[in-house]
Every structure is written in structure tokens, then in C-alpha cells.
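Q:
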Amino acid sequence: MLGEQTISKPYSLPGSPPLALRSLIALAHGRIDLARITPRNVQERNRAAAAFAGSELPAEERARRCDIVGYFITGMAARVPWRSDCLVQALAGQRWLIRYRMASEIVI
Numbered sequence: 003m004l005g006e007q008t009i010s011k012p013y014s015l016p017g018s019p020p021l022a023l024r025s026l027i028a029l030a031h032g033r034i035d036l037a038r039i040t041p042r043n044v045q046e047r048n049r050a051a052a053a054f055a056g057s058e059l060p061a062e063e064r065a066r067r068c069d070i071v072g073y074f075i076t077g078m079a080a081r082v083p084w085r086s087d088c089l090v091q092a093l094a095g096q097r098w099l100i101r102y103r104m105a106s107e108i109v110i
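Residue numbers for the sequence shown follow the numbering used here, beginning at 3 and rising by one.
1) Starting from P83, trace the alpha helix (DSSP H) in both directions and tell me its first and last residue.
2) If you check the beta carbons only, do L21 and I75 fall under 8 Å apart?
3) Please return the same chain residues whose Cβ sits closer than 7 Å to the Cβ of I110, not counting the five positions on each side in sequence.
4) Just how far apart, CA to CA, sit N48 and A92?
5) Nearest chain B C-beta to L93 closer than 8 Å, yes or no?
6) Do you know how far the Cα of I108 is from the Cα of F112?
7) Looking at S25 and M104, is the spacing between their C-beta atoms short of 8 Å?
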């Protein structure tokens, strides 16, 4: 379960190693996906994400989870040894949100 996160230092991640690890794995998948992706694939991924979505969570919980995903993806992107530009982060975030059954759309 996702817990409340607080920032103790400007460049530190909050004390949630499982979420940091999950974002690291999502970024690694995003980097691998980048090597194989085309604009058409992005459109197909968007359709698949929308079809898979079906979260029954309240809007506040969905917003909180989106905030956490965004926070951890961007925070870890600055710390990984590979290049994690915006498309890698978007692919990683979309992958993570799919796990929550939440729709997302990547626009290029």
C-alpha cells in the first residue's frame, strides 16, 4: 500500500525503498522499450492502457497515486546510470499506472 510521503531534503527521495525500487525497475523497462518503440507503438500502447484501465478508486486516491508515480519516476530518473529523458519517464510512468489499472496517454 502507498503511504504518505514527505520530503526531508531537497534532493532526497522519501523513505520508501519499495517505491524507489519499483520506479527504478519501471525506468529500466522504459529504457528498454525506447529502443523498440515507434510513434505507432506509442499509439498502440495508449489504446492498450485505456482498454486495461478500470480503476474503481476515488478521484482523490487516483490523484495521490499519480503524484507518487510522478514524484518517484522523476526522482529516480536523475539517479540512474542511463539516460532517462522525458519519453523514458513517460513510458515508465505509463507502465506503473497500468499496474494500478489507471489510464494514461503519452503524447509525442
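By construction, the Cβ of each residue, glycine as well, lies at the ideal position given by its N, Cα and C atoms.
Keep in mind the model is a prediction, meaning the values are calculated, not measured.
A: On the basis of the supplied data:
1) Where P83 is concerned, there is no enclosing alpha helix (DSSP H), given that its DSSP letter is neither H nor E.
2) no
3) P41 and V44
4) 11 Å
5) Considering every chain present, this structure includes no chain B. It has just one protein chain.
6) Nothing can be reported for residue 112: it is not among the residues displayed for the chain, which extend from 3 to 110.
7) no
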